[in-house]
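Here the sequence shown is numbered in my numbering, starting from 119 and rising by one per residue.
To start, the structure itself, in structure tokens.
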Amino acid sequence: MATVIKARRLVIKIGSALLVDRATGALREAWLASLAEDVVRLRNRGTDVILVSSGSIALGRGVLGLPMTDLTLEQSQAAAAVGQIRLAAAYDRALGAHGITAAQVLVTLEDSADRRRYLNTRATLEQLLRLGAVPIVNENDTVATDEIRYGDNDRMAAQVAVTAGADQLILLSDVDGFYTANPAQDPGARRFDVIETITPEIEAMAGDAGSGLSKGGMKTKLMAAKTATAGGCDMAITQGNVLHPVQALEEGAAATWFLAQGDPQQKRKAWIAAMKPKGRVNVDAGAARALARGSSLLPAGVTGVEGRFGRGDPVEVADETGRVLGQGLTRYDAADALRIRGLRLDQIEPVLGYPQRGPLMHRDDMAF
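Quick look at the structure:
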């Protein structure tokens, strides 16, 4: 059985209806303060925390005097531009009260569909967590068009969880789990405690349970669960409209857990291994031994570069005999990889004219 206590890296999705009072359009500051205390407790026991937050449009529409429903795309983007400032400031205050740095990360669907943007997002999240910050992720509604929108933060949260290599995702919602039918319409609806496999029968049970402030419903939550679990991440749906909602989940609050299909790192490496390579780098014996021990690939160990590839492309790694050891996603394109082969990291910037990006391939981006 999945439990929050086991999480090494946790993504928490916060819906608009939890952050913003529906009647007044004001921020629910007491609730946000309690969530910040949950984050402090999680971090104190060594869990990385990423928050995926709705709320910018809901906050901004009240300031601009826009209606609570049926906004045009342009009105939504205007509301997001106003609300995003207030949302970021609210998280900064809530987390800053505990000495925690909040970091705003705005993304669109394109950022996960494009490999280079995906890698940039992953690297940014990793660096923020390493520096002790809490990333606050939201869709970049001010620039996103219908063609590049996630359209709901449930699915975006699942993609963020997979991108960041999280092992758990919690959807804090206005419902306390996944039911056999809409409990507001069917008194006999039964909540699942655990769903190990999302079957066609489970999918057929998904209805629309969205609130007036959020676009999410059970269909989008089920889509999020499919993305998360396929990427090796457990996902929970639980009632968020209580103080300290994560603590409540830990203490047995009603929820539905969707169980991961494997480990997130193993899933990622399988994804990398399945890609068609765009080129090859050859390495010396020392680098081959280091790779066998699980190290990253440094330019110093590279003896040759073949093919035409860009930054973020899958590239084979071969030893001195030509035997392919595996492959990984490169941080440099073919031309730059050729220029820095055999160099130490501190020698790269004078050659390339820009700061080095670290190893040619990071161990998290390699499958051997």
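For each residue, glycine too, the CB sits at the ideal point set by N, CA and C.
Residue i vs residue j beta-carbon contact at 7 angstroms
{"i": "C351", "j": "A378", "result": "yes"}
{"i": "L287", "j": "A346", "result": "yes"}
{"i": "S171", "j": "N256", "result": "yes"}
{"i": "I488", "j": "S194", "result": "Lying before the first or after the last residue shown, residue 488 is absent from the chain, which here runs from 119 to 486."}
{"i": "I355", "j": "K339", "result": "yes"}
{"i": "I123", "j": "A282", "result": "no"}
{"i": "D285", "j": "R126", "result": "yes"}
{"i": "L224", "j": "G173", "result": "no"}
{"i": "G404", "j": "G422", "result": "no"}
{"i": "F487", "j": "G460", "result": "Absent from the structure is residue 487, since the part of the chain shown begins at 119 and ends at 486."}
{"i": "E433", "j": "P477", "result": "The identity of residue 433 in the sequence shown is Val, whereas the question assumes Glu. Cβ atoms of V433 and P477: not closer than 7 angstroms."}
{"i": "T448", "j": "M479", "result": "yes"}
Limits of the unbroken beta strand (DSSP E) element including residue i
{"i": "K131", "result": "R127 to I132"}
{"i": "P432", "result": "P432 to A436"}
{"i": "M353", "result": "D352 to Q357"}
{"i": "V138", "result": "Counting along the chain, V138 falls outside any beta strand (DSSP E), and DSSP gives it neither H nor E."}
{"i": "S291", "result": "Q286 to S291"}
{"i": "T374", "result": "A373 to F376"}
{"i": "L443", "result": "V442 to L447"}
Unbroken alpha helix (DSSP H) run spanning residue i, endpoints
{"i": "L409", "result": "A403 to A410"}
{"i": "Q383", "result": "P382 to A391"}
{"i": "A455", "result": "A452 to I458"}
{"i": "E368", "result": "P363 to E368"}
{"i": "I320", "result": "P318 to M323"}
Residue i - DSSP class collapsed to helix/strand/coil
{"i": "G419", "result": "helix"}
{"i": "N162", "result": "helix"}
{"i": "T338", "result": "helix"}
{"i": "Y236", "result": "helix"}
{"i": "G201", "result": "helix"}
{"i": "M274", "result": "helix"}
{"i": "E228", "result": "helix"}
{"i": "A485", "result": "strand"}
{"i": "G397", "result": "strand"}
{"i": "S172", "result": "coil"}
{"i": "L470", "result": "helix"}
{"i": "V360", "result": "coil"}
{"i": "I550", "result": "The shown model of the chain, from 119 to 486, leaves out residue 550, and the question about it has no answer."}
{"i": "Q222", "result": "strand"}
Inter-residue Cα distance where the pair is residue i and residue j
{"i": "D498", "j": "P185", "result": "As displayed, the chain neither begins before 119 nor continues past 486, which places residue 498 out of reach and without an answer."}
{"i": "N162", "j": "I390", "result": "33 angstroms"}
{"i": "V129", "j": "T374", "result": "16 angstroms"}
{"i": "D188", "j": "R179", "result": "11 angstroms"}
{"i": "A208", "j": "T317", "result": "40 angstroms"}
{"i": "L470", "j": "S414", "result": "20 angstroms"}
{"i": "F310", "j": "A275", "result": "21 angstroms"}
{"i": "D270", "j": "I254", "result": "16 angstroms"}
Report task. Taking 8 angstroms as the threshold, find out whether the stretch 149-167 comes into contact with the stretch 199-218 through three or more Cβ pairs. Result -> Contact between the stretch 149-167 and the stretch 199-218 is present: three or more C-beta pairs spanning the two stretches fall below 8 angstroms.
Query raised in the report: Do the stretch 225-242 and the stretch 427-440 touch if we need at least three Cβ pairs shorter than 8 angstroms?
Result: With a cut-off of 8 angstroms, the stretch 427-440 and the stretch 225-242 count as touching, because enough Cβ pairs lie within range.
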